[in-house]
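Colleague: This is the structure I want to talk about, given as structure tokens.
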Ligand SMILES: NC(=O)c1ccc[n+]([C@@H]2O[C@H](COP(=O)([O-])OP(=O)(O)OC[C@H]3O[C@@H](n4cnc5c(N)ncnc54)[C@H](O)[C@@H]3O)[C@@H](O)[C@H]2O)c1
Ligand SMILES: NC(=O)c1ccc[n+]([C@@H]2O[C@H](COP(=O)([O-])OP(=O)(O)OC[C@H]3O[C@@H](n4cnc5c(N)ncnc54)[C@H](O)[C@@H]3O)[C@@H](O)[C@H]2O)c1
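Residue numbers (the UniProt record's numbering), protein chains in the order written: chain L, 1 to 421; chain U, 1 to 421.
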């Protein structure tokens with residue numbers, strides 16, 4: 001399976017050149033530990049741009065992509081509903097997998113994936129998700145070392161305009177994986193599980209479906225209990241009024257400072273647009289689209305984030321910021337910076353490298369991600385039935401966390417000299 | 001029952017000259033619609049100071065206080081466990097009642113109180129609580145008028161050092177009404193009920209008891225659902241690390257700007273102090289205590305508050321601030337100031353005046369407060385049993401809310417010319 005040498009950049013094949021790929025592109029082209037070599041996407045324009053701008057090969061099918069010997073690892077960034085099937089094909093070809101969250105859209109699919117992974121023994125990482133954000137891993141490391149005593153509770157809040165950004169039809173249909181639980185709780189739950197050690201015991205939740213023109217979940221509040229008695233409260237609202245970036249120093253999810261907290265899209269903006277046009281609108285601003293500008297602005301001093309997050313341990317409360325950790329004791333704050341690469345989302349490549357080149361267990365493996373999705377499914381079920389849902393397939397953090405190396409170390413990010421080539 | 005004329009200041013008798021009274025004192029002495037005339041407290045020093053500084057009579061028993069013809073309304077600010085019994089005596093004497101939150105410490109007591117109120121027909125208001133804060137009533141007024149469409153969800157968060165302030169032994173014993181659920185959820189739940197219309201349907205909650213030297217609830221997270229499908233997430237942590245005043249512009253609960261968010265007392269500070277000494281420590285800084293300084297600093301431009309509160313309706317999200325309401329639509333914020341009296345907590349006197357002088361129904365009546373306590377009891381029960389608790393004794397807002405008059409109106413606050421005399 002490992003075709004490269006221990007120090008060669010990992011050859012990455014991509015399935016799906018849409019929004020997720022567009023957001024990961026700065027990472028792929030700037031991090032010298034990876035190089036894009038191939039892609040599959042039904043959109044001809046995107047394939048063309050991939051060949052022209054990035055110099056990689058494009059294929060018609062996932063099966064063909066997997067025969068390309070330059071492809072060591074496959075980044076699956078297609079819509080949710082394709083993840084399970086495509087993982088099966090890639091795993092059968094023996095390639096390592098980085099698959100976008102959510103892992104899959106039913107628990108059955110998640111089980112099938114775990115089985116495939118067990119059988120084929122291919123390395124699997126589920127991400128990017130915001131649980132890769134530097135300050136999340138940093139806080140989880142300190143907490144899991146017991147630095148602040150027992151971890152007791154967490155609180156997470158995020159208010160965005162998720163529901164009103166241009167969407168594919170599936171993204172507005174819960175049965176097909178639409179709504180904020182599949183796409184956003186997958187981030188928030190994963191993050192809180194990493195901070196709290198992973199073992200969720202029960203879930204109670206309410207969801208909101210408040211706009212009949214976008215008939216899927218646009219908001220939720222969930223209460224999670226953890227093994228040992230800790231608990232967490234998670235709240236997400238994607239209806240596009242309050243913008244919780246104001247709690248994060250007006251830095252947006254991607255780590256950029258914003259002059260304004262006004263949303264690009266809000267309720268009603270897309271109400272005159274039909275499904276097909278809306279899908280086109282979504283595609284236009286992504287790779288291969290008419291309005292696409294490669295987003296590789298000057299490096300930002302900020303980590304990416306997923307809203308306001310507080311974790312309480314016996315000896316301190318920790319607030320995650322876009323630069324590191326605010327540690328509160330007795331109301332007084334001290335700040336600990338989280339080392340940051342100039343490459344955004346370098347933490348994803350850290351894990352890919354550790355798994356593919358160094359044979360380590362993934363932190364965000366298939367069982368881990370199944371457990372996160374079990375919580376997401378429980379949020380929907382609890383909201384529907386009014387019951388407390390007990391969880392059965394949780395797993396604890398599978399390996400010791402270690403903070404990303406500050407600089408200079410062998411496995412640390414090195415930025416390419418000529419990114420984009 | 002009404003001994004005064006329609007425009008006379010209401011004569012107030014006080015039961016319990018401790019912390020709560022100390023915090024209300026600026027209101028009693030500055031608001032010209034009320035005057036302190038009598039008090040009962042087992043602490044001789046406090047009674048002495050009451051006579052000397054405030055010129056009122058003091059009595060040995062509640063029964064005697066109630067025979068004082070100058071007493072029109074009685075403010076019950078004794079420890080929780082005395083509220084029910086003392087209300088019974090006061091109601092039998094036909095005096096109006098303002099009783100501190102929590103109404104009582106068992107649902108049975110709450111029922112008995114409602115029965116007494118029904119029988120005697122005395123006016124009852126339960127407060128002060130932070131649901132009287134100007135911005136809460138202002139937001140509730142706009143929301144209940146349907147100004148922003150259907151109300152969908154709310155979120156409340158408060159992190160303090162509640163557990164580490166000097167306490168009486170009962171305050172650290174849940175069975176006697178100790179811990180943050182009785183003393184702090186009583187504020188937070190009341191506030192959220194007013195904003196959401198009152199009718200809670202179900203409660204799921206977790207509580208934290210994480211310091212064996214203070215063996216009562218120091219934290220909770222609760223999920224409330226409301227009639228019609230709205231929901232709210234409430235989180236409170238009183239363990240004294242993070243200080244959520246930083247989300248309120250560093251304005252504290254009482255409306256004062258603070259240079260520092262460091263807490264006066266934190267974990268361990270009282271660990272060498274025995275129960276009796278700790279009770280004395282609590283008393284020392286209150287009325288009649290050795291370290292008491294009458295807290296009547298220059299008027300503040302800020303309303304009091306109980307942490308960070310967001311309410312979402314279809315057409316807007318509202319964030320309560322210490323000066324009014326931030327109203328968000330599409331991420332853009334507009335601000336609406338909430339009129340503020342120079343007398344702190346004038347809203348309590350507004351309601352007392354409306355009820356005693358104008359014969360209006362209280363907003364914070366006994367049934368209303370019983371419903372708030374039903375939610376608090378459900379928080380404890382849900383945390384203990386792991387179940388979702390259905391509520392049975394909820395009541396909707398009993399009268400149309402109206403914002404407090406801006407100025408000059410007949411029933412608006414007028415500050416005394418010579419406060420403290
Ligand atoms: N981690 C993140 O920050 C993030 C952000 C956005 C999306 N995502 C995830 O990425 C995935 C894709 O979402 P998106 O928003 O990029 O969607 P998208 O519609 O923008 O992109 C999907 C792309 O996949 C292509 N595609 C469709 N069917 C395909 C198939 N069968 N095989 C190969 N390619 C196919 C489409 O043409 C399109 O280019 C989702 O699972 C989503 O949850 C993650
Ligand atoms: N609304 C608020 O902001 C607020 C703040 C603090 C307390 N409170 C409420 O006020 C009540 C009292 O709490 P506290 O913190 O002031 O307690 P405290 O101990 O500071 O004061 C209680 C006072 O009542 C006196 N007392 C004790 N037993 C009495 C009795 N049987 N009859 C008459 N007086 C008696 C005590 O001597 C003391 O002076 C509680 O119900 C509490 O929840 C409300």
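The beta-carbon is built from N, C-alpha and C at its ideal position, and this holds for glycine as well.
Please go through the same chain and pick out, in chain order, the residues whose beta-carbon is closer than 6 Å to the beta-carbon of residue 19 of chain L, but skip the five residues on each side of it.
Modeller: These residues qualify, in order along the chain: 286.
Colleague: When you compare each of L/92, L/128, L/113 to residue 100 of chain L by their alpha carbons, which one comes out closest?
Modeller: Looking at the Cα atoms, L/128 is the closest of the given residues.
Colleague: Grab me the residues of residue 307 of chain U's own chain with a C-beta within less than 6 Å of its C-beta, minus the 5 sequence neighbours each way, in chain order.
Modeller: 157, 158, 244, listed in sequence order.
Colleague: Quick check: does the Cβ of residue 50 of chain U come within less than 6 Å of any heavy atom belonging to ligand 2?
Modeller: Checking every heavy atom of ligand 2 against the Cβ of residue 50 of chain U, none is found closer than 6 Å.
Colleague: From the DSSP output, which residues share a beta bridge with residue 235 of chain U?
Modeller: DSSP output for residue 235 of chain U lists U/157, U/221 as bridge partner(s).
Colleague: Would you grab the beta carbon distance between residue 68 of chain L and residue 117 of chain L for me? Rounded to a whole angstrom, and I think it's under 8 Å.
Modeller: Actually they do not touch by this definition, with Cβ atoms about 22 Å apart.
Colleague: Quick check on residue 235 of chain U - is its C-beta less than 7 Å from some C-beta in chain L?
Modeller: Chain L, which has a Cβ nearer than 7 Å to the Cβ of residue 235 of chain U, makes this yes.
Colleague: For ligand 1, is there a heavy atom less than 6 Å away from the beta-carbon of residue 306 of chain L?
Modeller: Outside the cutoff, so no.
Colleague: Take residue 282 of chain L and list the residues in its own chain whose beta-carbon comes closer than 6 Å to its own, dropping the five residues that flank it on each side.
Modeller: Within the same chain, residue 282 of chain L has close Cβ partners 166.
Colleague: Any chance the CB of residue 211 of chain L is under 6 Å from a heavy atom of ligand 4?
Modeller: The model on display carries ligand 1 and ligand 2 but not ligand 4.
Colleague: If we call anything under 7 Å between Cβ atoms a contact, is residue 14 of chain L one with residue 39 of chain L?
Modeller: Yes, Cβ-Cβ distance for residue 14 of chain L and residue 39 of chain L is below 7 Å.
Colleague: Which residues in the same chain have their Cβ closer than 7 Å to the Cβ of residue 92 of chain U, if we skip the five residues on either side of it in sequence?
Modeller: Counting only Cβ-Cβ distances below 7 Å, and skipping sequence neighbours, we find 120.
Colleague: Give the residues of chain U in contact with residue 210 of chain L, contact being defined as C-beta atoms less than 8 Å apart.
Modeller: Near residue 210 of chain L (Cβ distances below 8 Å), the residues of chain U are 150, 152, 314.
Colleague: Please classify residue 63 of chain L: does DSSP put it in a helix, a strand, or coil?
Modeller: Residue 63 of chain L: helix per DSSP, three-state reduction.
Colleague: Just checking, does the segment 74–88 of chain L make contact with the segment 160–175 of chain L on the three C-beta pairs under 8 Å criterion?
Modeller: Touching, yes.
Colleague: The alpha helix (DSSP H) that contains residue 144 of chain U, what's its start and end?
Modeller: 134–144 is the extent of the alpha helix (DSSP H) around residue 144 of chain U.
Colleague: Residue range of the alpha helix (DSSP H) that residue 108 of chain L falls in?
Modeller: Segment 107–120, the alpha helix (DSSP H) holding residue 108 of chain L.
Colleague: So is residue 231 of chain U in contact with chain L if we call contact Cβ pairs under 7 Å?
Modeller: Chain L, which has a Cβ nearer than 7 Å to the Cβ of residue 231 of chain U, makes this yes.
Colleague: Please indicate yes or no: does the CB of residue 78 of chain U lie closer than 6 Å to some heavy atom of ligand 2?
Modeller: At least one heavy atom of ligand 2 is nearer than 6 Å to the Cβ of residue 78 of chain U, so yes.
Colleague: Run the proximity test for residue 68 of chain L: is its beta-carbon closer than 6 Å to any non-hydrogen atom belonging to ligand 1?
Modeller: Not so, every heavy atom of ligand 1 lies at least 6 Å from the Cβ.
Colleague: When you compare only the Cα positions, how much space is there between residue 346 of chain U and residue 235 of chain L?
Modeller: Distance between the alpha carbons of residue 346 of chain U and residue 235 of chain L is about 34 Å.
Colleague: Which two residues bound the contiguous beta strand (DSSP E) that contains residue 207 of chain U?
Modeller: It spans 200–208 - the beta strand (DSSP E) in which residue 207 of chain U sits, taken as one unbroken run.
Colleague: With H, G and I counted as helix, E and B as strand and the rest as coil, what does DSSP make of residue 85 of chain L?
Modeller: Of the three classes helix, strand and coil, the one that applies to residue 85 of chain L here is helix, per DSSP.
Colleague: Compute the Euclidean distance between the alpha carbons of residue 215 of chain L and residue 71 of chain U, then round it to the nearest angstrom.
Modeller: Answer to the nearest angstrom: the Cα atoms are 59 Å apart.
Colleague: Taking residue 265 of chain L and residue 310 of chain U to be in contact with their CB atoms under 8 Å, please state how far apart those CB atoms are, rounded to whole angstroms.
Modeller: Rounded, the Cβ-Cβ distance is 21 Å, inconsistent with contact.
Colleague: Taking three-plus beta-carbon pairs below 8 Å as touching, is the segment 334–353 of chain U in contact with the segment 309–324 of chain U?
Modeller: A contact exists between the segment 334–353 of chain U and the segment 309–324 of chain U.
Colleague: Does any C-beta atom of chain L lie closer than 7 Å to the C-beta of residue 216 of chain U?
Modeller: It does not: the Cβ of residue 216 of chain U has no partner Cβ on chain L nearer than 7 Å.
Colleague: Reducing DSSP to helix, strand and coil, say where residue 408 of chain L ends up.
Modeller: Unreliable positioning characterises residue 408 of chain L in this predicted model, as indicated by a pLDDT of 37, which lies under 50. The coordinate reading is nonetheless provided below. The answer is coil: DSSP assigns residue 408 of chain L none of H, G, I, E or B.
Colleague: In terms of residues, what are the limits of the beta strand (DSSP E) holding residue 35 of chain U?
Modeller: Run containing residue 35 of chain U: 34–40, per the beta strand (DSSP E) assignment.
Colleague: Going along chain L in order, which residues have a C-beta closer than 8 Å to the C-beta of residue 140 of chain U?
Modeller: Under the 8 Å cutoff, chain L gives no residues; its nearest Cβ is about 18 Å from residue 140 of chain U.
Colleague: Return the CA-CA distance between residue 239 of chain U and residue 160 of chain U, expressed in angstroms with no decimal places.
Modeller: Distance between the alpha carbons of residue 239 of chain U and residue 160 of chain U is about 7 Å.
Colleague: Name the chain L residues that come within less than 8 Å of residue 252 of chain U, Cβ to Cβ?
Modeller: Simply none; closest approach about 11 Å.
Colleague: Measure the C-alpha to C-alpha separation of residue 396 of chain L and residue 199 of chain L and round it to an integer number of angstroms.
Modeller: C-alpha separation (whole angstroms): 6 Å.
Colleague: Mapping the DSSP letters down to three states, classify residue 367 of chain L as helix, strand or coil.
Modeller: In this structure, residue 367 of chain L counts as helix in the three-state DSSP scheme.
Colleague: Can you find at least 3 beta carbon pairs, one from the segment 123–142 of chain U and one from the segment 345–361 of chain U, that sit closer than 8 Å?
Modeller: Cβ pair count under 8 Å is three or more, so yes.
Colleague: If the cut is a Cβ gap below 8 Å, which residues of chain U does residue 319 of chain L touch?
Modeller: What residue 319 of chain L touches in chain U: 242.
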